[in-house]
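Numbering (the working numbering), first residue to last: 216 to 1253.
Backbone N, C-alpha and C define an ideal beta-carbon position, used for all residues, glycine too.
Working notes, structure below.
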């Protein structure tokens, strides 16, 4: 494989764009930001102050309440809260371990600690005066660190401003549901207090699930107790969810997991350019022929408070190493080894960046972790409490650290670990790899903070980034009501079948006795078994169907579906890559000719093309979601055979050439038949998904979207807001997964193909044709990149006859098309008549994409077989777009800010239109039940009610406001995958889990078995005691 680096041109343009573009997206004037640090922890303030520094450097004004005042400066005013907080620095190590070292004990203490800080911050007189003043226009934004119980969001409500949370730890598992609406699945995402990076074993998944359950229950319990026994005013205030969450995390130090779009990773934001190391320390370092070891347990704990036997073990182990040692130590050290320098403070950042540093011995605080990763220095971790064990384990997972238990340490263990970390070159090598990954970002943490803070202010709190899951109760989110109704239905049907069989049993018994059948049949068991079997068959037959770089990268691309809109998306991605200088060879059913860096292989003869289909036949074939899942499964098998039957692709794969390409770019199908290509050629793979989502995402990302809050791709709603919608949404997801798996297994056992026998190659990146304006926020893994609207190109001139028709219209123009797949001229006569009559009555002129000659064409209508849709929608005289809801047209309407009258027919179209309805810029209508009156009313409302145009313009602004263009995203992340050899760190651990492990069914089985056994044991003991008591009573009575 050719070595891959970003081309000079792309590098310079990206750097220029990063340095200029982000700061030129206008916020009309400097924002006025109120910031509040709620915890008196030095590391917490280090994170918050770095976020604030980014904002003041960008010209924004910040007033901050802080327990660590450092003096006012330009645009920056401090309010000292140090008297309100007990600042805990240099704690006794053993006391810290005792108080915070055991995860379940720490969870139990979170409520009390949070309550203390809540009272302290809300008791500050100056802050109380600000909140009581009623001045709702004094600030534009609240920047605050949340606590274990919500006592801060009322401030945003009191001031009438949006709120951003800063979280200095990599996550806060037990309260992220309150912030984002979602829970991380404990089968694949470790708890904040876990001692593992990923829950790789059953025991880890069990304890992980137990910790999450306990922390959620304990947090809720504490909140209820506080509310009903000792309520404060802030307990009774309405909750405000954050617009954005700045989280001190990064993919190099945090396993891949799904995140909502308003969670922004800014890990390492505290890292500043290195200063000069004091001379005595620098001389000590540079005079060390074998390098230096830095040892510190941070600012929270005193190393000098370690038990004598542990300190002795450390001294003896470090005295034996050939390296010199810098040891952060409070006071004078007895029997200090000759190779050790002690100080109460060291410039940690600067020392770690020195090339002579060989090892960092640390407790695993996030600040030190990022400094070690940034410097590429191996770590010997001695974690003590909170997130430290988890942080160190992530470095162990990256192959750059060893973790040790502080209390069981010894000279021998220490010596072995130090020797291994320094002398085994793999640790230093992996540390350098982690450093490269850590620094390779599309935006710096500081730029991310500035961009997203201004984004929230520009978009008035950015409500479109908040998940619908925030509106759900806990039992709705967990689908308990849906499961209850489903199980009740199953029970009732089973019971009914049982009763019918029982009724039949009487004549059956008479028959058996009459004919002398002496065989004893366990009738009750047979009835129940038959009942269950019939119920299961009934469920399958009815429910599932009737419930509504220096050198160019060499890229191999394959379009697997002969759909014009599919190719429209892929060709736009490929254009971005060739424009950046990369070389693409593409197998496509839509050849358009070679160009520089671009070679096509024509596959049009292999594919059955479906363009301009009959409208009614299309609705019949594809309109019903459950039937469509079955059809898509069959089509996938057909397309797989077509792709792998292409002679030129077969020859390429048979050649055995594994260094001809650097990357495979392909659109996936329901069945995995592309892994074979990636595996044969030894390539990382990038998936292109032209729809906003797909129901097989578990296969691609390892995760499932929760159907309680995320609508299925085939759903007819934007968000499942009602019980019926959540029920049908769950049924759709369940059926589609079961159906695809069933068809896969049938194919496996009855018609196995060679491409189905290779191991799965999971995609490194997934480019998805989506955007937050047209897709409700949902958790996504970091390798899912939204590039919705990538097909949008600069407008070309509109043909003269069409332009004259538009510009001569006094009242504007309506544009009507159903795209390239469906012929409008094939509509039933009564529906076409309704459209003609309704459109004939409007004062606007109408551009109507129509195949052939139209009978009785209204005078205000122009028909053509093709219109330049993009250019027409951008014309200022266009008032309305009548569309079927294909993604290309949706993005063109959103980009132009034009209201939409939607007539969705199949696949993702109903969902696409409903998202525009949710944005307040569209009305959705059923094509089959349309009438002149309904059409006229909808058209009149969309054109004359100004709110639709206003909302369309707002959606357009939100759509265009991105930190990177789709083209830049495609180029950056494609090169990222090649630079990082497939970027395995972006793939979720959930991909390694079976379906029952992912759904925690094994954990629940063991937990329920334990509960059953304990209950049974208690029952037996109580029964025995009861027997003894009654026996004694009886004896006394006698």
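The alpha-carbon of residue 973 is positioned some 6 Å away from that of residue 891. Leaving aside the five residues that flank residue 566 on each side, the residues in its chain whose CB is nearer than 8 Å to its CB run, in chain order, 492, 496, 500, 507, 509, 541, 572.
Look at the region 347-414 and you find these whole runs of alpha helix (DSSP H), each 4 residues long or longer: 368-374, 391-395. Secondary structure of residue 928 (DSSP, three-state): coil. With the rule of 3 Cβ pairs closer than 8 Å, the region 1176-1186 does not count as touching the region 444-464. The three-state reading of DSSP puts residue 558 in strand, counting E and B together. No Cβ-Cβ contact shorter than 9 Å links residue 1102 with residue 838.
Shown here, residue 856 sits in a helix according to DSSP, grouped into three states. Secondary structure of residue 983 (DSSP, three-state): strand. Taking C-alpha positions only, residue 1037 is separated from residue 669 by approximately 43 Å. If you draw a straight line from the Cα of residue 282 to the Cα of residue 255, it comes to about 6 Å. Between residue 1075 and residue 1055, the C-beta gap is smaller than 9 Å, which places the two residues in contact.
The alpha-carbon separation between residue 457 and residue 1082 amounts to approximately 44 Å.
As a beta-bridge residue in DSSP terms, residue 816 pairs with 802. For residue 357 against residue 378, the beta-carbon gap comes to about 4 Å, under 8 Å, which counts as contact. In the displayed model, residue 597 falls within coil according to three-state DSSP, outside both helix and strand. Under the DSSP assignment, residue 689 falls in the alpha helix (DSSP H) whose first and last residues are 689-692.
In this structure, residue 528 lies away from residue 552, with their beta-carbon atoms at least 9 Å apart. For residue 616, the pairing in a beta bridge is given by DSSP as 594. If you look at residue 263, you'll find it isn't in any beta strand (DSSP E); it sits in the alpha helix (DSSP H) that goes 257-272. Between the alpha carbons of residue 647 and residue 266 lies a gap of roughly 26 Å.
Of the candidates 1071, 1066, 985, 1107, 1107 places its Cα closest to the Cα of residue 1009. Contact between the region 838-853 and the region 955-970 is present: 3 or more CB-CB pairs across the two stretches fall below 8 Å. The beta strand (DSSP E) runs of length 3 or more contained entirely in the region 996-1020 are, from start to end of the chain, 999-1001. Following the DSSP letters along the chain, one finds residue 1117 inside the beta strand (DSSP E) bounded by residues 1115-1117. Residue 997 is a Cβ neighbour of residue 474, given a cutoff of 9 Å. By the criterion of a C-beta distance shorter than 6 Å, residue 504 is surrounded by no residue of its chain, once the five residues flanking it on both sides are discounted.
Residue 1084 and residue 792 have their C-alpha atoms roughly 25 Å apart. When DSSP states are grouped into helix, strand and coil, residue 1077 belongs to the strand group. The C-alpha of residue 1051 lies about 40 Å from the C-alpha of residue 922. For residue 533, there is no enclosing beta strand (DSSP E); the enclosing alpha helix (DSSP H) covers residues 523-534. With distances taken between CA atoms, residue 544 lies nearest to 518 out of 651, 518, 322, 664. By the Cβ criterion, the region 1109-1127 is in contact with the region 1142-1153, since at least three pairs of Cβ atoms, one from each stretch, lie closer than 8 Å.
By the Cβ neighbour-count rule, residue 570 is exposed, with fewer than 16 other Cβ atoms within 10 Å of its own. Going by beta carbons, residue 364 and residue 271 fall outside the 9 Å limit. Only exposed fits residue 865, as fewer than 16 other CB atoms lie within 10 angstroms of its CB.
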